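This report refers to the structure that appears directly beneath it.
Number of protein chains: 2
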Amino acid sequence: MPNSKMIALGEHRSVIRDLFEYGMERKKIVGEDNVFDFSIGNPSIPAPEAVGKELVRLIEETPPTALHGYSSAAGDPAVRRAVADYIRKTFGVNETPDDIYMTCGAAASLTISLHALLNEGDEVIVFAPFFPEYRVFIEKAGGVVKVVPAQGEDFAPDLDAFARTLSEKTRAVIVNSPNNPSGAVLSEETLNAIAGMMKKQSRLSGAPVWLIADEPYRELVYDGVTVPYPMRCYADTLVCYSFSKSLSLPGERIGYIALCHEAEDRDRVFAAICGAGRALGFVCAPVLFQKMIPALLGQTADVSAYRKNRDLLYSSLVSYGYTCVRPRGAFYLFLKAPDGDDAAFGETCRKRDLLIVPAAGFGMPGWLRVSYCVSEKTIRGALPVFEKIAKEYGLK
Amino acid sequence: MPNSKMIALGEHRSVIRDLFEYGMERKKIVGEDNVFDFSIGNPSIPAPEAVGKELVRLIEETPPTALHGYSSAAGDPAVRRAVADYIRKTFGVNETPDDIYMTCGAAASLTISLHALLNEGDEVIVFAPFFPEYRVFIEKAGGVVKVVPAQGEDFAPDLDAFARTLSEKTRAVIVNSPNNPSGAVLSEETLNAIAGMMKKQSRLSGAPVWLIADEPYRELVYDGVTVPYPMRCYADTLVCYSFSKSLSLPGERIGYIALCHEAEDRDRVFAAICGAGRALGFVCAPVLFQKMIPALLGQTADVSAYRKNRDLLYSSLVSYGYTCVRPRGAFYLFLKAPDGDDAAFGETCRKRDLLIVPAAGFGMPGWLRVSYCVSEKTIRGALPVFEKIAKEYGLK
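Protein chains in written order, with my numbering: chain A, 365 to 760; chain B, 365 to 760.
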């Protein structure tokens, strides 16, 4: 018998991936324009022009063996330096190149961090709603998932519940802001409150409770919202970053882990990160895209297109009578199932080739995620379908 | 405390990586030309011209969102089809696109395969000498390493010892031909003998013993040697391939797992591969380099340059009185420590800025690995150093 847990993970794909694959098959049958696929966070906005230019420049100007050769396991030294410089200058923290570990994207940043930090049976706290793969990553690293519910209209964490969930078994806490799937952004006040409780628990436990900040959506914010930098609130932090969404490069698998320079036991934690990357088989982050990064730090794809999508989608859905969370960041809109049954509502939509993701797996049954990183045409095509379904459900 | 095993793996880097990093630092001090770095398998021969051309063509002709977007987790369907077609036509087996899983290089192919197949405590047999990271990968996947020694001048596996090592606990056997570090190639006769014993054990165990064929060096062979295709000898096979060495793209992390079409329980094993890739955080193989593959299958960098290196290095070292294995493939030469102490001999060489890897970690104490995927200039610069050391050791 192969490993039964791995079989189960392979046979029961993530709901997101499952809908995405279904959508691709369905498009072949009924045509691209007749499937409204809001399933996956695959950016629709092209990478900034600088990406193509820098690719061509690197190919033309770099000898192939240097261009495509191995880098150090933690990343090309010049790239690590550029990332550290950018973080230091942008966020006013003390990052050095030795704090940066280049990765194959956000998922790798998370799995490497978790395998570095966790011992068998350690607890990891996540705040609902949360990206369902967190559970897969945490459990594979030997951890136990503890979910803290959200509260209120802005989906802020229930801090009382958080205080009750923290214990000597807590090894790490994952925050994800801007949030997938709700589009909510943690305020500095909330982050400070979370950090304060973690500091208290760390003192009680005699060992740090680690903050893992999953930040692929940091630059995708609207209405002038600012996203506080977690290291400024809490030293024992690992920022897990990816360029997938900000630069529209999700397939290229490029990101980093930034370990806070003031973290306790910094050298050994960084060693554990290197050890976990090695043991999981990552070797080094894809090297051509590593070399792209210094020229692209701080740039983003055209975020205003996502804002337009958000405005159109949010205002339309609300006008049809749906209950939604107004997203302040990322490119997800959280929609309440009219009768509270997310699976059934998702299925109703799927039958009309409208693909949105039931959020039970995100720790928030009764809700669905609508990824609006799609073309405006897809949204305009889908709106009549959303409206029709709203009428059938007797909304307005 | 972070995970102590991961700390240890990070603090005690692989001997290879350690020497490689040392060499890079040392070059800054004494100059590029004064360090003779034979530590790592970083190809010195540029990628074939077709690589640069195909990169530019893809960038010019593909819309950025399609070029850099996510692929399916198992890989882009057109790429999986091209790989399956190539394997079918080249090796006369029955691979279909559904048997191919694109990966982030050979290390990922191996870790994903091991996590897919192994349950805690399962044994994995490796033949000495073996790539030391096998131990890291196997143990991280919960497995136990069992080493079968080599015998004779051609470093063929000791088949009697193999028969004694196979048991009901054996879940998998790793073969690596052409071999890192010895450059030896398994003959069809030996592979058939191994397969025969594995079939017998599978019947006894009532479950397949899996053959994991680690094949990044398949195309790098000399003197007309042919490398038998393992699936032709044994159905329960996973071929772990990488384009790192054949196309001189080691930093780009692109390879695949090919599961034999006739493997027992094929669907569930493939599901377990998908599950393991997901749980380890791979998401999809880097997508630009995935898309490069159909145009490049069957091409290689200029292998004749490695053959020239081999001839120059082998004949020179033998003429100085060293005992070496004549490599038939890959780009490694296995050298016997004159006094049997590989660590001390490696240190003697290191003091003269000649970096070769003691092979105790490869399961073959008393030997050292010389990676000759370097420039001819590096070899010519190193030969007087090798000769001087030979004289000091009283060889000839």
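Backbone N, C-alpha and C define an ideal beta-carbon position, used for all residues, glycine too.
Because the structure is a prediction, the values reported are computed rather than measured.
Helix, strand or coil, according to DSSP, for residue i in the structure here?
i: Pro493 (chain A); result: coil
i: Gly507 (chain B); result: coil
i: Cys468 (chain A); result: coil
i: Val443 (chain A); result: helix
i: Glu484 (chain B); result: coil
i: Leu759 (chain B); result: coil
i: Asp401 (chain A); result: strand
i: Leu718 (chain A); result: strand
i: Val689 (chain A); result: strand
i: Ala559 (chain B); result: helix
i: Pro572 (chain A); result: coil
i: Asp382 (chain B); result: helix
i: Tyr684 (chain A); result: coil
i: Met388 (chain B); result: helix
i: Ile423 (chain B); result: helix
i: Thr664 (chain B); result: coil
i: Thr429 (chain B); result: helix
i: Val500 (chain B); result: helix
i: Pro658 (chain A); result: helix
i: Ser435 (chain A); result: coil
i: Ser473 (chain A); result: helix
Below 8 Å on the Cβ atoms is my guess for residue i versus residue j; work out the distance and round it to an integer in Å.
i: Ala514 (chain A); j: Phe495 (chain A); result: That pair is no contact at about 14 Å.
i: Pro545 (chain A); j: Pro493 (chain A); result: 5 Å
i: Gly620 (chain A); j: Tyr598 (chain A); result: Here residue 620 (chain A) turns out to be Tyr, not Gly, going by the sequence shown. Wrong, their Cβ atoms sit about 19 Å apart, outside the cutoff.
i: Met466 (chain B); j: Ala636 (chain A); result: Actually they are not in contact, since the Cβ atoms of Met466 (chain B) and Ala636 (chain A) sit about 29 Å apart, beyond 8 Å.
i: Ile423 (chain B); j: Gly416 (chain A); result: 6 Å
i: Gln663 (chain A); j: Ala414 (chain A); result: 6 Å
i: Phe455 (chain A); j: Gly645 (chain B); result: Incorrect: roughly 25 Å between the Cβ atoms, too far for contact.
i: Phe526 (chain A); j: Met561 (chain A); result: 6 Å
i: Ala640 (chain A); j: His479 (chain A); result: 4 Å
i: Ala448 (chain B); j: Pro461 (chain B); result: 5 Å
Can you give me the Cβ contacts of residue i inside the same chain, cut-off strictly under 6 Å, excluding the 5 residues immediately before and after it?
i: Met388 (chain B); result: none
i: Ser566 (chain A); result: Pro572, Val573
i: Phe634 (chain A); result: Leu623
i: Met728 (chain B); result: Ala492, Pro493
i: Arg452 (chain A); result: Glu459
i: Tyr696 (chain A); result: Asn544, Pro545, Gly547, Arg733, Ser735
i: Val394 (chain B); result: none
i: Arg671 (chain A); result: Tyr586
i: Ser739 (chain B); result: Ser408
i: Glu552 (chain A); result: Pro592
Can you list, in chain order, the residues of its chain whose CB lies under 8 Å from that of residue i, leaving out five sequence neighbours each side?
i: Tyr434 (chain A); result: Val647, Cys648, Val651
i: Phe726 (chain B); result: Ala492, Pro493, Phe494, Phe495, Pro496, Pro545, Arg733
i: Tyr686 (chain B); result: Leu699, Lys700, Pro702, Phe750, Ala754, Leu759
i: Val539 (chain B); result: Phe491, Leu550, Leu555, Ile558, Leu575, Ile576, Ala577, Asp578, Pro594
i: Val399 (chain B); result: Gly387, Arg390, Lys391, Asp717, Leu719
i: Leu812 (chain B); result: Coverage of chain B is limited to positions 365 through 760, which leaves residue 812 (chain B) absent and any answer about it impossible.
i: Tyr678 (chain A); result: Cys688, Arg690, Pro691, Leu697
i: Met656 (chain B); result: Val415, Glu418, Leu419, Leu422, Ile618
In the DSSP assignment, what residue or residues form a beta bridge with residue i?
i: Gly374 (chain A); result: None; Gly374 (chain A) has no bridge partner.
i: Ala520 (chain B); result: B:Gln515
i: Val539 (chain A); result: A:Ala577
i: Tyr696 (chain A); result: A:Ser735
i: Asp703 (chain B); result: According to DSSP, Asp703 (chain B) bridges with nothing at all.
i: Cys320 (chain B); result: Only positions 365 to 760 of chain B appear in this structure, which leaves residue 320 (chain B) out of reach.
i: Ser534 (chain A); result: As written in the sequence, residue 534 (chain A) is Thr, which differs from the Ser given in the question. Its beta-bridge partners are A:Glu487.
For residue i, which residues in the same chain have their Cβ closer than 7 Å to its Cβ, ignoring the five residues on either side in sequence?
i: Leu383 (chain B); result: Ser403, Leu719, Val721
i: Ser569 (chain B); result: Glu532
i: Thr534 (chain A); result: Glu487, Ile489, Gln565, Val573
i: Leu681 (chain B); result: Cys688, Leu699, Phe750
i: Val511 (chain B); result: Val490, Ala492, Gly727
i: Pro410 (chain A); result: Ser612, Ala665
i: Leu747 (chain A); result: Ser680
i: Tyr757 (chain B); result: Pro702, Asp703
Let me see if you follow: with CB-CB separation under 8 Å, is residue i close to chain D or not?
i: Tyr581 (chain A); result: Absent here is chain D; the protein component of the structure consists of chains A and B.
Quiz item: For the segment 576–651 of chain A, which segments carrying the beta strand (DSSP E) assignment without a break, of at least 3 residues, lie completely within its bounds, in sequence order?
Solution: 601–606, 619–623
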